[in-house]
Each structure stands twice: as C-alpha cells, then as structure tokens.
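Heads up: the sequence shown begins at 1 in the UniProt record's numbering, then just goes up one per residue.
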Amino acid sequence: MSAISLKIGELASHAGCPVETIRYYEREGLLPLAARSQNNYRLYGQAHIERLQFIRHCRSLDMTLDEVRRLLQFRDLPEDNCAEVNSLLDHHIEHVADRISELKALQIQLKQLRKQCQRSQAAKDCGILQGLASMEDEAPANLGSHGGGVH
C-alpha cells in the first residue's frame with residue numbers, strides 16, 4: 001500500500017474546508033506541519049487527514065480550540081486515563097445547555113419586539129424600530145461572552 005501524499009488544496013478538498021483553515025490549524029499547533037516536496041509544496045499524509053477530520057468534528061460540536069487542543073493531547077496519548085476527557089465533555093454539555101437557555105430568552109425578546117409592529121406602515125411609525133431605539137440603553141438578552149454564538 002502506497003503512502004498518501006496530498007498537497008494542501010487536495011487535503012482541503014478531501015476534508016471539505018478552506019486551505020486557510022488548514023494553515024490556521026497548523027499555526028495553532030492543532031495540525032502538525034507537513035513535510036515539504038522538492039518544489040516546497042506541503043505534503044500531507046493519512047495522519048493529517050484523520051487529525052483534520054477529528055478537529056473538524058470537534059468544531060462542528062462547537063468546541064473551542066482549547067477544548068480541541070486538549071482532546072488531541074489525549075488522542076495522542078491513548079494509554080492515559082480518559083477521566084479528564086469525560087470532564088471536558090460534561091463541561092461542554094453544560095455550556096451548550098446555558099447557551100440554549102440564553103437563545104430561548106433571546107427568542108422571547110425577539111418575539112415581543114416583533115409584536116410591536118403588526119402591519120405594513122411608514123418606517124417612522126414602525127413599532128419594531130421604536131422598540132429597538134428605546135432598548136439602546138438596556139442590556140440585550142444575556143448572551144454572555146458569546147456575542148454571536150462563538151464561545
């Protein structure tokens with residue numbers, strides 16, 4: 001069986017992610033640097049494919065880079081006890097539950113705002129715009145440090 005040797009664009013296509021994401025993961029130390037060809041192209045192997053898939057799966061579960069980094073450390077030391085992995089995931093589950101609560105509160109706030117304008121009219125009379133203007137000094141629904149969904 002011959003070893004896989006992919007250029008960065010081929011790895012990106014294989015993994016379904018942008019080339020810049022791969023470079024970012026390399027800079028962050030999540031993905032090991034690739035060997036270089038005689039033409040100075042990065043060459044990636046099966047281990048890179050598997051690690052990138054692992055990282056992308058973790059990210060699809062909304063895990064932070066620090067969480068992914070810690071999980072990769074355990075993956076790289078398969079004989080270590082996984083109690084900390086369990087703890088990490090338990091903490092992440094709590095974070096997701098908190099985020100769901102925050103999003104439900106945001107949904108209620110948006111629905112209340114939507115009720116302020118029930119018909120098509122001049123923008124100057126729009127209850128939604130008026131409601132948003134009066135909310136300027138109020139804190140929005142508790143979004144924690146997420147701001148836009150990233151923790």
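The C-beta atom is built at its ideal place from N, Cα and C for all residues, glycine as well.
Minimum C-alpha distance to residue i - residue among the options
i    : options              : result
R51  : Y41, P32, R36        : P32
C126 : T64, S101, C117      : C117
A133 : R75, L106, L113      : L113
L88  : S101, E79, L110, L72 : L72
I55  : T21, Y44, K115       : T21
L61  : A97, Y44, S37        : A97
Whole-Å CB distance - residue i paired with residue j, under 8 Å assumed
i   : j   : result
I8  : Q46 : That pair is no contact at about 15 Å.
V68 : L30 : 6 Å
R27 : A34 : With 8 Å as the limit, R27 and A34 do not qualify as a contact, their Cβ atoms being about 13 Å apart.
Neighbourhood of residue i by C-beta distance below 8 Å, restricted to the same chain and skipping five residues each side
i    : result
P18  : A12
I49  : I4, L6, L11, H14, A15
G148 : Summary for G148: the model assigns pLDDT 48, below 50, so the residue's position carries little reliability; its value from the coordinates is reported in the next sentence. Excluding sequence neighbours, G148 sits near nothing in its chain.
I128 : L113, R114, Q116, C117
R23  : I8
C-alpha distance - residue i paired with residue j, whole-angstrom precision
i    : j    : result
A122 : R99  : 36 Å
R59  : L77  : 21 Å
F74  : N81  : 8 Å
N39  : Q53  : 27 Å
Y25  : E79  : 25 Å
G131 : S101 : 23 Å
M135 : Q109 : 11 Å
K104 : K124 : 29 Å
A83  : H57  : 21 Å
Residues near residue i by beta carbon distance below 7 Å, same chain, minus five either side
i   : result
H92 : M63, E67
R70 : L88
S37 : L43
**Request:** Identify every run of the alpha helix (DSSP H) within the stretch 11-78, keeping only runs that are complete inside it and at least 4 residues long; order them along the chain.
**Result:** 19-27, 46-60, 65-76
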